[in-house]
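**Student:**
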Amino acid sequence: MHEQTACMSRLRTSDVVIAGGGIIGLSLGLELLQRGLSVVVLERDQAMQSASWAAGGMLAARDPENSPALLPLSLHSLALYPAYLDRVRTLSDQPVPIRTRRTLQQVRPSYSAGADVTFDDAKKWVPGLPETDGKFVWLEEDSFDPRDLCRALPMAFLAEKGILLEKTPVLGVECSSSAVVVETTREQIHAATFVNCRGAWAGDMHFGGIPVEPVKGQMVTVALAAERLRCVLRTPKFYAIPRGDGRVAIGATIEQAGFDANVHEQYIAAILHTAAEFIPEVEHASRLESWTGFRPGTPDDLPILGAADASNCWHATGHYRNGILLAPATARVMAQLIFGETPDLPLKVFSPARFPLKTALDACSSVSYSAR
Ligand code: GLY
Numbered sequence: 001m002h003e004q005t006a007c008m009s010r011l012r013t014s015d016v017v018i019a020g021g022g023i024i025g026l027s028l029g030l031e032l033l034q035r036g037l038s039v040v041v042l043e044r045d046q047a048m049q050s051a052s053w054a055a056g057g058m059l060a061a062r063d064p065e066n067s068p069a070l071l072p073l074s075l076h077s078l079a080l081y082p083a084y085l086d087r088v089r090t091l092s093d094q095p096v097p098i099r100t101r102r103t104l105q106q107v108r109p110s111y112s113a114g115a116d117v118t119f120d121d122a123k124k125w126v127p128g129l130p131e132t133d134g135k136f137v138w139l140e141e142d143s144f145d146p147r148d149l150c151r152a153l154p155m156a157f158l159a160e161k162g163i164l165l166e167k168t169p170v171l172g173v174e175c176s177s178s179a180v181v182v183e184t185t186r187e188q189i190h191a192a193t194f195v196n197c198r199g200a201w202a203g204d205m206h207f208g209g210i211p212v213e214p215v216k217g218q219m220v221t222v223a224l225a226a227e228r229l230r231c232v233l234r235t236p237k238f239y240a241i242p243r244g245d246g247r248v249a250i251g252a253t254i255e256q257a258g259f260d261a262n263v264h265e266q267y268i269a270a271i272l273h274t275a276a277e278f279i280p281e282v283e284h285a286s287r288l289e290s291w292t293g294f295r296p297g298t299p300d301d302l303p304i305l306g307a308a309d310a311s312n313c314w315h316a317t318g319h320y321r322n323g324i325l326l327a328p329a330t331a332r333v334m335a336q337l338i339f340g341e342t343p344d345l346p347l348k349v350f351s352p353a354r355f356p357l358k359t360a361l362d363a364c365s366s367v368s369y370s371a372r
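What follows is the structure, given as structure tokens:
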């Protein structure tokens with residue numbers, strides 16, 4: 001349980017190396033630090049600047065568009081969220097305020113969960129809401145601005161003496177039954193455990209051959225009077241998330257476009273047009289910001305959590321549209337797996353082994369690979 005750097009040989013040792021400095025990697029890192037391990041997080045670019053930064057920030061455990069298989073892990077994460085945020089706030093001394101407490105969700109007529117909403121009640125929260133055919137329910141659901149967490153979480157991780165190496169891509173990993181050797185552009189790291197938390201980039205890792213692909217989302221923030229929208233408004237086609245200060249984040253496209261990071265005006269205009277059917281002022285509101293993000297998508301839209309097909313290596317990725325929601329539970333159950341404990345809930349549905357292996361290397365217990 002130690003961490004040291006030998007500058008001459010550029011050799012570092014750590015109990016755990018995590019690739020990926022997004023919300024999943026840093027939350028798991030924090031959990032492992034608090035269990036007494038030394039942790040190095042390697043981030044190819046800047047921590048919390050990819051999917052975590054691009055996210056909406058809705059803790060949408062009961063979004064009817066989610067896979068039903070996600071619900072137990074989602075509810076577990078919701079239960080862990082207050083303590084998780086308290087820990088991050090305390091360690092970082094940064095605010096991460098909850099900005100909305102409920103969601104007005106348009107559902108299909110057959111949908112039965114949630115509390116039904118009368119049109120008059122809905123209009124109290126979304127003044128000017130036009131009468132539509134759709135049925136709405138209330139979901140008791142919090143949201144926060146992920147940008148607040150993007151500031152706070154790396155600080156919390158560092159405050160617990162985690163090592164965060166940014167602009168440090170992984171070049172190769174050698175896993176064996178006795179140790180893991182991670183090659184980076186800066187140094188070699190010897191560790192007991194390696195965890196792949198690279199989000200949309202996690203499929204680059206050839207050992208395990210996990211099928212993670214980027215699913216592009218485009219979003220936009222507009223300025224509206226603060227009282228114009230007092231809850232999250234979500235339909236199967238868009239969502240609008242008020243930040244409580246006049247900013248309203250509106251999203252999002254779902255695109256198979258590889259790692260194309262460009263914002264396309266016609267997509268942003270289409271999102272705004274859809275939102276304006278429910279909040280007419282959106283059509284002509286000032287735009288404050290538009291951006292893209294890459295969700296880590298998997299073939300069944302479920303995360304990949306568990307042992308890789310190589311000794312001492314793990315995957316925690318593929319959270320698709322719910323990485324923010326699922327971070328605390330992911331950190332907890334992955335720490336339990338790494339410590340050989342029984343996880344709080346069955347994880348078979350998330351096992352990496354549910355997918356056919358992609359490469360011949362997968363059969364080996366000691367593997368190496370080169371990242372792109
Ligand atoms: N988490 C919201 C989205 O993926 O659009």
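Position 269 of the sequence shown, counting from 1, maps to 269 under our numbering, and the rest follow consecutively.
Virtual Cβ for every residue (Gly too), placed ideally from N, Cα, C.
(1) Put Q34 into one of helix, strand or coil per three-state DSSP.
(2) What residues does the ligand GLY have around it, judged by CB closer than 6 Å to any heavy atom, in chain order?
(3) Going by the DSSP bridge assignment, what does S14 pair with across the sheet?
(4) So, using beta-carbon positions, are A349 and A47 closer together than 8 Å?
(5) Could you tell me which of F136, P211, R151, A307 sits nearest to G297, measuring between CA atoms?
(6) Helix, strand or coil, according to DSSP, for L139 in the structure here?
(7) Short of 8 Å in beta carbon distance, which residues of its chain neighbour V117, apart from the five on each side in sequence? Order them along the chain.
(8) As an exercise, report each continuous beta strand (DSSP E) stretch of at least 3 residues that is fully enclosed by the region 96-171, in chain order.
(9) Could you tell me the distance, in whole angstroms, from the CA atom of V182 to the CA atom of A225?
(10) Can you tell me where the alpha helix (DSSP H) holding I338 begins and where it ends?
(11) I'd like the ranges of any alpha helix (DSSP H) spanning at least 4 consecutive residues and lying wholly in the region 248-291.
(12) If you run the structure through DSSP and keep just helix, strand and coil, what is I23?
(13) On the three-state DSSP scale, how would you describe L42?
(14) Is DSSP giving H319 helix, strand or coil here?
(15) By DSSP, does A60 sit in helix, in strand, or in coil?
(16) Which same chain residues end up closer than 7 Å to L325 when comparing Cβ atoms and leaving out the 5 residues on each side of it in sequence?
(17) Taking only the alpha-carbon atoms, compute the straight-line gap between H190 and L129 and give it to the nearest angstrom.
(18) What's the gap between the Cα of L302 and the Cα of E187?
(19) Look up P214 in the DSSP assignment and give the residues it is bridged to.
(20) Which one of S143, E141, E140, D120 has the shortest CA to CA distance from T132?
(21) Would A51 and R295 be called neighbours here (beta carbons separated by less than 8 Å)?
(22) Does G25 pass the burial test, meaning 16 or more other C-beta atoms within 10 Å, or should it be called exposed?
(23) Alpha carbon to alpha carbon, how far is G29 from M1? Give it in angstroms, no decimals.
(24) Are the region 331-340 and the region 27-44 touching by the rule of at least three beta carbon pairs closer than 8 Å?
(25) With a Cβ-Cβ cutoff of 8 Å, do G21 and E166 count as a contact?
(26) Which of the three DSSP states is assigned to A29 in this structure?
(27) Please report how far the alpha carbon of M155 lies from the alpha carbon of R102, in whole angstroms.
**Tutor:** The short version:
(1) Translated into the one-based positions of the sequence shown, residue 34 becomes position 34. DSSP places Q34 in helix when its eight states are reduced to three.
(2) Working through the chain, the matches are A55, G56, G217, G251, A252, R295, R321.
(3) Residue mapping note: residue 14 aligns to position 14 of the sequence shown, counting from 1. When DSSP reads this structure, S14 sits in a beta bridge with A191.
(4) As a working note, residue 349 is residue 349 in the sequence shown. As a working note, residue 47 is residue 47 in the sequence shown. For clarity, residue 349 is Val in the given sequence; the question names Ala instead. Cβ atoms of V349 and A47: not closer than 8 Å.
(5) Looking up residue 297 in the sequence shown gives position 297. Ranking F136, P211, R151, A307 by Cα distance to G297 puts P211 first.
(6) If you number the sequence shown from 1, residue 139 lands on position 139. L139 falls in the strand class under three-state DSSP.
(7) Indexing the sequence shown from 1 puts residue 117 at position 117. Around V117: L104, F136, V137, W138.
(8) Complete beta strand (DSSP E) runs here, min 3: 98-107, 135-144, 163-165.
(9) What you label residue 182 is simply residue 182 of the sequence shown in a count that begins at 1. What you label residue 225 is simply residue 225 of the sequence shown in a count that begins at 1. If I take the Cα positions, the gap works out to 50 Å.
(10) Taking the sequence shown and counting its residues from 1, one reaches residue 338 at position 338. It spans 323-338 - the alpha helix (DSSP H) in which I338 sits, taken as one unbroken run.
(11) The alpha helix (DSSP H) runs lying completely inside the region 248-291 and spanning 4 residues or more are 265-276, given in chain order.
(12) If you number the sequence shown from 1, residue 23 lands on position 23. DSSP places I23 in the helix class (H, G or I) of the three-state scheme.
(13) Here the question's residue 42 lines up with position 42 in the sequence shown. Strand at L42.
(14) Counting from 1 along the sequence shown, the entry for residue 319 is found at position 319. Three-state DSSP puts H319 in coil, outside helix and strand.
(15) Position 60 of the sequence shown, counting from 1, holds the residue named residue 60. It is coil, neither helix nor strand.
(16) Taking the sequence shown and counting its residues from 1, one reaches residue 325 at position 325. The residues are L59, A60, A61, S74, S77.
(17) For the purposes of this step, residue 190 is taken as the residue at position 190 of the sequence shown. For the purposes of this step, residue 129 is taken as the residue at position 129 of the sequence shown. Their Cα atoms are separated by approximately 58 Å.
(18) Sequence index remark: in the sequence shown, residue 302 carries index 302 (1-based). Sequence index remark: in the sequence shown, residue 187 carries index 187 (1-based). Taking C-alpha positions only, L302 is separated from E187 by approximately 34 Å.
(19) One-based indexing of the sequence shown puts residue 214 at position 214. Paired residue(s): P296.
(20) Mapped onto the sequence shown, residue 132 falls at position 132. For T132, the closest alpha carbon among the candidates S143, E141, E140, D120 is that of D120.
(21) Here residue 51 refers to the residue found at position 51 when the sequence shown is read from its first residue. Here residue 295 refers to the residue found at position 295 when the sequence shown is read from its first residue. Yes.
(22) If you number the sequence shown from 1, residue 25 lands on position 25. By the 10 Å Cβ count, G25 comes out buried.
(23) Counting from one through the sequence shown, the residue named residue 1 turns up at place 1. Counting from one through the sequence shown, the residue named residue 29 turns up at place 29. For M1, the predicted model reports a pLDDT of 38, less than 50, meaning its position is unreliable and no value from the coordinates is stated.
(24) Contact holds between the region 331-340 and the region 27-44, because three or more Cβ pairs, one in each stretch, are under 8 Å apart.
(25) Here residue 21 refers to the residue found at position 21 of the sequence shown. Here residue 166 refers to the residue found at position 166 of the sequence shown. Yes, the pair counts as a contact, with Cβ atoms nearer than the cut-off.
(26) Taking the sequence shown and counting its residues from 1, one reaches residue 29 at position 29. In the sequence under discussion, the amino acid at residue 29 is Gly, which differs from the Ala named in the question. In this structure, G29 counts as helix in the three-state DSSP scheme.
(27) Locating residue 155 in the sequence shown gives position 155, where the first residue counts as 1. Locating residue 102 in the sequence shown gives position 102, where the first residue counts as 1. Rounded to the nearest angstrom, the two C-alpha atoms are 29 Å apart.
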